[in-house]
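Quick notes on the structure that follows.
Protein chains in written order, with this note's numbering: chain A, 1 to 816; chain B, 1 to 238.
Here you go:
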């Protein structure tokens, strides 16, 4: 213990830990709220990029405290209270300023000024995170004897913040959250004020000012990019918002305009003058972006004849009066299509509860009580999880049609988004849920150069091979229009009747057949003429013995996605970039998958900013300080700790997301469990202070064992437990995570104790390095998972945990 | 007699900046055609149609952009014109016009007037140009601009272009200068036999496939992907 620490044993408010808990909750809740805000204002991947950098505010506070050094000694309590008092104002002001900045992601390439706005956005948004971290760090400095308890409070608060925010978003719109969180931060400030009248007065005045300002003007709405679908729709002459619902998953806005008409793919063969115009539509905009149409429906299916002129109608020409499961029912187009084609029953699976509220209640007159029909059952559930959880009933048609038409876009923005819907394991599951005569139909948008449908075909071939289908080609059909392709996976091999049904369906509508058993070369590339019959050639190659060679040499990443690397939407290959630039010249930028680029940019900027804003100032400062000799091992230890924790956390969030079937709830449950049990682990570490290096080594060994067991055993457990009830699966997830999180919570306070004993100056250095590594780790984990899979992320995490005791060992030796 | 001379001199001095500007922009257009449209850049096919190149050399593109973008008017890129819309990059305008394979007597329909630039280019080649814009302020500004620049024969309309030009029998060429999520079937129906339709198909604000639709003499329809572009969306349907 440093000579100063004894005098501070009794320092601080008696409610210090409670205040830190509230501040921790505000931190994570504000982060999640901002991701939602910027997903609505811009796009999810750019939201992720912006927030990741803003999070460096966490690390910069360590730098600031480190640079201030001895000058703040004895003033920690004052700085803590000051930070806590500034936080509520910063939350509100920074949110409001961020929504006043006229930033446009899509103008970054053409307008230099947008870079200024982006940097300003980073700076503004990082301030609240800086203050939150400032408060936690000054608490740690204030009570070095209670590092574990403070850390515990921070972790538990963060966990509660995550679950609390997800819950709150079902009742309050996301743009009110900064104001609500300012209220929580005010409470933390009040707790820290103790019995000091001056601080109480300041807190009270601030509360009155914020409340008056909020009541007078109302919460500032989110500034939506002019390039988003909703912004465009609202410019249409007769457009008006007719309903809106917000949940933790999305903001749904229903817009009515005579000009909104969307089709699920190309309808080039539709004889308008003969069969009449499309029915009136209301556009359902998800997060102000993509649109899913809701049709005017009066019970008559006649006006929906146009739905027979898209590729996704193909399954209904193969199976009569089918029992249909529609994954991603949205506004109900595919449900109407199934009914129009004579479906006996439709099970409509929809992830977003807002859809039920909007389509089923707010627009029920317009939508004709579609989801209330006796032959339609709407189930709010994640599609794959629902099918995994029930062996019965079997379906004659499982329809997955153009899901991302209403979520972001089809042009590469999903590259960093995991999707467990399109993996080999998923397709194998869907096929197992088909009746003996049943077919699975998956429709994807097409892009140039061809890739999506090729990857989908490759995934289906691999899925069929895994379940020992001897000749996968006999179970597959691929039909494409101008902009969409539908893949059919048939439970039984295609017979002559079905092959002919595919041929006549395609020919009558001007669609090209990419694959059916017995397809002749002269039959391909007839209506939408490509330079080469790429889809047919790919299908032939993938079904041949040269499939591996085809996958390896293809300019895009068309290797099937798996549950370990669930990135169906990632097609980008670095090695193809030179060829792409040569082929497309200056237009190569049009072909870049922006989701992937945004992720790579996020990692790069996080690394650069961490070096520039955190490590460099700390290194310069520490060179002048008294404890320079400890910097290297502390950096190694806390850098590894930050990376390792985030790697492990993100890998297991992913694993459990699949098991819990629902991304929003999964993140809330998993994050809360992780943080809570890590907090318990840190509390445990606080009580046992002997032989820290040995304890760290044991923790690393136990983590290696537990994660090895999990990597092997969890897929088995998840398969067995996929049919369990929601509470049972949540309980299982918590049970599985608890020991892992407990162990992961031990190293940080243990190491911090060692550092604190060695030299107090190094505590802020450790805090800054850890913060920077955590931010870099969160983004890097996804990049590694895209390229090498989550298993590799876990292995790397273990390796990093092993570095920790080794570096601490150097620190516990007496200084020479 | 001194007064008239003085007047002429004053007028000449006053006109100097305009003449200077005309020279500058003519040079800029020449450079645009030389460096962007007829050059083999990256994967682009050079545009060779003499009528199209003449039109691109003639139409004052800088009069169709916002004042803030004057400096980039002839740059090889699209520029924002407000309401989430853009004026397409010069090469795309030229390439799409060339794809239409126009004859002077053709009737051409443009969907998505935007700034009015494409309509002006078409009007330099054919006698009969119809153009429709759905966003009223854009449509009004474009109409005034076209009239001011002397393109009085271009017929403008503020309406949903999805249905084509109401009451018109058929067109020899249709060009859609806004992204469509699908080929509007009414436009295919408004094509005369042997006519062509050029349309970018794809998600709004993302990379779209530039499609060339040809209605054969026998009424059958064939499509080709002609490249990838980025256009702002066209909204509408039957």
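Built from N, CA and C at the ideal position, the CB exists for glycine as well.
Nonlocal neighbours in the same chain, by C-beta distance under 6 Å from residue i, ignoring five residues either side
| i | result |
| --- | --- |
| residue 227/A | 106 |
| residue 730/A | 669 |
| residue 163/B | 186 |
| residue 236/B | Because the pLDDT of residue 236/B is 35, which lies under 50, any placement of that residue in the model is unreliable, and the question is left without a value. |
| residue 785/A | 793 |
| residue 342/A | 321 |
Any C-beta of chain E under 7 Å from that of residue i
| i | result |
| --- | --- |
| residue 83/B | In the structure shown, chain E cannot be found, because the protein chains are A and B. |
Any C-beta of chain A under 7 Å from that of residue i
| i | result |
| --- | --- |
| residue 219/B | no |
| residue 182/B | yes |
| residue 142/B | no |
| residue 169/B | no |
| residue 69/B | no |
| residue 226/B | no |
| residue 223/B | yes |
| residue 19/B | Low confidence applies here, because residue 19/B scores a pLDDT of 47, under 50, leaving its location unreliable and the question unanswered by this model. |
| residue 185/B | yes |
| residue 135/B | yes |
Residue i: first and last residue of the uninterrupted beta strand (DSSP E) it sits in
| i | result |
| --- | --- |
| residue 81/B | 79-82 |
| residue 399/A | 395-401 |
| residue 53/B | Where residue 53/B is concerned, there is no enclosing beta strand (DSSP E), although the alpha helix (DSSP H) it sits in stretches over 50-58. |
| residue 133/B | 128-133 |
Residue-level contact to chain B via CB, residue i, 7 Å cutoff
| i | result |
| --- | --- |
| residue 626/A | At residue 626/A the pLDDT is 48, less than 50, meaning the model places this residue with poor confidence and gives no usable figure here. |
| residue 650/A | no |
| residue 307/A | no |
| residue 235/A | yes |
| residue 340/A | no |
| residue 576/A | no |
| residue 709/A | no |
| residue 227/A | yes |
| residue 270/A | yes |
7 Å Cβ shell around residue i - same chain, five flanking residues per side excluded
| i | result |
| --- | --- |
| residue 469/A | 475 |
| residue 112/B | 133, 161, 176, 177, 178, 234 |
| residue 718/A | 658, 659 |
| residue 408/A | Caution applies to residue 408/A, whose pLDDT of 35 falls short of 50 and renders its modelled position unreliable; the value that the coordinates give is listed next. If we look at residue 408/A and ignore the five residues flanking it on each side, its Cβ neighbours are 43, 44, 289, 290, 414. |
| residue 266/A | 310, 481, 482, 483, 484 |
Test item: CB-CB of residue i and residue j under 7 Å
| i | j | result |
| --- | --- | --- |
| residue 132/A | residue 175/A | no |
| residue 357/A | residue 242/A | no |
| residue 213/A | residue 20/A | no |
| residue 53/A | residue 605/A | yes |
| residue 81/B | residue 102/B | no |
| residue 319/A | residue 346/A | no |
| residue 200/A | residue 211/A | no |
| residue 327/A | residue 383/A | yes |
| residue 90/B | residue 32/B | yes |
| residue 130/A | residue 57/A | yes |
| residue 550/A | residue 561/A | no |
| residue 55/B | residue 121/B | yes |
| residue 768/A | residue 86/A | no |
Alpha helix (DSSP H) segment containing residue i, residue limits
| i | result |
| --- | --- |
| residue 337/A | 333-340 |
| residue 174/B | First-last for residue 174/B: 171-176, but that is the beta strand (DSSP E), not the alpha helix (DSSP H). |
| residue 199/B | Run containing residue 199/B: none in the alpha helix (DSSP H); it sits in the beta strand (DSSP E), 191-201. |
Proximity test, residue i beta-carbon vs the ligand FMN heavy atom, cut-off 6 Å
| i | result |
| --- | --- |
| residue 507/A | For the structure depicted, the ligand FMN is absent and the ligand set is empty, with no information on it obtainable. |
The stretch 465-485 of chain A touching the stretch 439-456 of chain A, judged by at least three CB pairs closer than 8 Å: yes
Segment contact flag, the stretch 150-163 of chain A with the stretch 671-688 of chain A, C-beta cutoff 8 Å, min 3 pairs: yes
Three CB pairs or more closer than 8 Å across the stretch 93-100 of chain B and the stretch 63-82 of chain B: no
Sufficient close CB pairs (3 or more, under 8 Å) joining the stretch 608-617 of chain A to the stretch 737-746 of chain A: no
Three-pair Cβ contact test at 8 Å for the stretch 358-370 of chain A versus the stretch 287-304 of chain A: yes
Touching by the beta-carbon criterion (3+ pairs, under 8 Å), the stretch 83-103 of chain A and the stretch 178-188 of chain A: yes
Stretch pair the stretch 424-440 of chain A + the stretch 524-534 of chain A: three plus CB contacts closer than 8 Å: no
At least 3 beta-carbon pairs within less than 8 Å: the stretch 418-426 of chain A vs the stretch 565-572 of chain A: yes
Stretch pair the stretch 329-347 of chain A + the stretch 310-317 of chain A: three plus CB contacts closer than 8 Å: yes
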